[in-house]
Amino acid sequence: MAKIFSLANQKGGVGKTTTAVNLAAGAALSGKWVLIIDFDPQGNASSGLGIGRESRAPGIYEAIIGEAPVANVVRQAQIPRLSVIPSTRDLIGAEIELIGEQDRTSYLKNIIDEISGDYDYIFIDCPPSLGLLTLNAMAASDEVIVTLQAEYYAMEGLSQLLETVHMVSGRYNEKLRIGGVCFTMVDRRTNLCRQVEQEVREHFKDLVFETVIPRNIRLSEAPSFGLTIFQHDAKSAGATAYLDLARELIRRQLAAAGNAEAAGT
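Residue numbering for the sequence shown follows our numbering, starting at 758 and increasing by one per position.
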């Protein structure tokens, strides 16, 4: 069964989708079978993986409302072992359509349950909000990966997100936990960046990934070409950082699995 991660932050512009796409690609390049679900109506993860708007349907929306089997909406990405379920703006309507449903937070989980055995990791790119789509993603996930920009309001936004994770784990998904905090767009030349990073690391300790994602122009360019950073410039600082992040995540998962096995013996 796949390990399922939601990439979430209610604040936009913090590198969430960039991280979802390139972390998933890095895990695939590290030998894992990976699926990324674009669960944001903006569809940026889809375009970042080279899927144009004209070819995104049927996608996750059609699977959610039962118009298409989930197996029919999975596409092979340009990177080996990496698949994607695309999103369209129709997904905006899902939040409205699901409001009156009794099990409205379980729709994505039910879809993922049908295919989770085909992958090692599944990454869900959430919208930049804490609405019903994000609740569905968290209810379906094992862990939440938080992308965080080292800026003044970072801690405030992180606290709000942690409250949401705690609420979801209490009501809908008791296994859900924070899997890690990843700093993005890091520029350690600035005092503010260094100070925020230090404070977050002191407060959240081992939850914070050692790997940080630097500000890198090649990372900013890649989505406009429909490419991951590894396809756009495999030798860039951004590519090196995301491959390191993927390998760190894999090491963490192996260590956690080993600890769980030891505890059960």
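C-beta atoms are modelled at their ideal positions from N, C-alpha and C, and glycine is treated no differently.
Among the candidates the options, whose CA atom is the shortest distance from the CA of residue i?
{"i": "residue 761", "options": "922, 933, 962 and 815", "result": "933"}
{"i": "residue 824", "options": "886, 897 and 851", "result": "851"}
{"i": "residue 905", "options": "916, 833, 921 and 1008", "result": "916"}
{"i": "residue 844", "options": "857, 860 and 818", "result": "818"}
{"i": "residue 996", "options": "911, 854, 977 and 1012", "result": "977"}
{"i": "residue 854", "options": "821, 874, 826 and 832", "result": "821"}
{"i": "residue 765", "options": "1008, 961, 801 and 922", "result": "922"}
{"i": "residue 814", "options": "848, 1019 and 1017", "result": "848"}
Inspect the beta-carbon positions of residue i and residue j and report whether they are closer than 9 Å.
{"i": "residue 941", "j": "residue 969", "result": "yes"}
{"i": "residue 841", "j": "residue 865", "result": "no"}
{"i": "residue 939", "j": "residue 776", "result": "yes"}
{"i": "residue 902", "j": "residue 763", "result": "yes"}
{"i": "residue 828", "j": "residue 881", "result": "no"}
{"i": "residue 975", "j": "residue 944", "result": "no"}
{"i": "residue 899", "j": "residue 927", "result": "no"}
{"i": "residue 889", "j": "residue 929", "result": "no"}
{"i": "residue 886", "j": "residue 1010", "result": "no"}
{"i": "residue 877", "j": "residue 791", "result": "yes"}
{"i": "residue 964", "j": "residue 907", "result": "no"}
{"i": "residue 868", "j": "residue 839", "result": "no"}
{"i": "residue 1002", "j": "residue 783", "result": "yes"}
{"i": "residue 846", "j": "residue 798", "result": "yes"}
{"i": "residue 875", "j": "residue 759", "result": "yes"}
{"i": "residue 954", "j": "residue 912", "result": "no"}
{"i": "residue 918", "j": "residue 787", "result": "no"}
{"i": "residue 983", "j": "residue 808", "result": "yes"}
Label residue i either buried or exposed according to how many other C-beta atoms from any shown protein chain fall within 10 Å of its C-beta, with 16 as the threshold for buried.
{"i": "residue 810", "result": "exposed"}
{"i": "residue 909", "result": "exposed"}
{"i": "residue 989", "result": "buried"}
{"i": "residue 804", "result": "buried"}
{"i": "residue 796", "result": "buried"}
{"i": "residue 987", "result": "buried"}
{"i": "residue 816", "result": "buried"}
{"i": "residue 785", "result": "buried"}
Roughly how many angstroms separate the alpha carbons of residue i and residue j, rounded to a whole number?
{"i": "residue 1034", "j": "residue 951", "result": "In the structure displayed, the chain extends from 758 to 1022; residue 1034 sits before or after that span and is not available."}
{"i": "residue 870", "j": "residue 966", "result": "28 Å"}
{"i": "residue 769", "j": "residue 879", "result": "22 Å"}
{"i": "residue 985", "j": "residue 958", "result": "28 Å"}
{"i": "residue 895", "j": "residue 884", "result": "12 Å"}
{"i": "residue 1023", "j": "residue 920", "result": "No information on residue 1023 is available, as it lies outside the stretch 758 to 1022 that the chain covers here."}
{"i": "residue 960", "j": "residue 800", "result": "34 Å"}
{"i": "residue 826", "j": "residue 931", "result": "28 Å"}
{"i": "residue 858", "j": "residue 802", "result": "28 Å"}
If you scan the stretch 847-920 from start to end, which runs of the beta strand (DSSP E) of 3 or more residues do you find wholly inside it?
-> 878-882 and 900-906
At what residue ranges does the stretch 933-1010 contain a whole run of the beta strand (DSSP E), taking only runs of 3 or more?
-> Listed in chain order, the beta strand (DSSP E) elements of length 3 or more contained wholly in the stretch 933-1010 are 934-941.
Contiguous beta strand (DSSP E) assignments of at least 3 residues, all confined to the stretch 786-853 = 791-795 and 839-842
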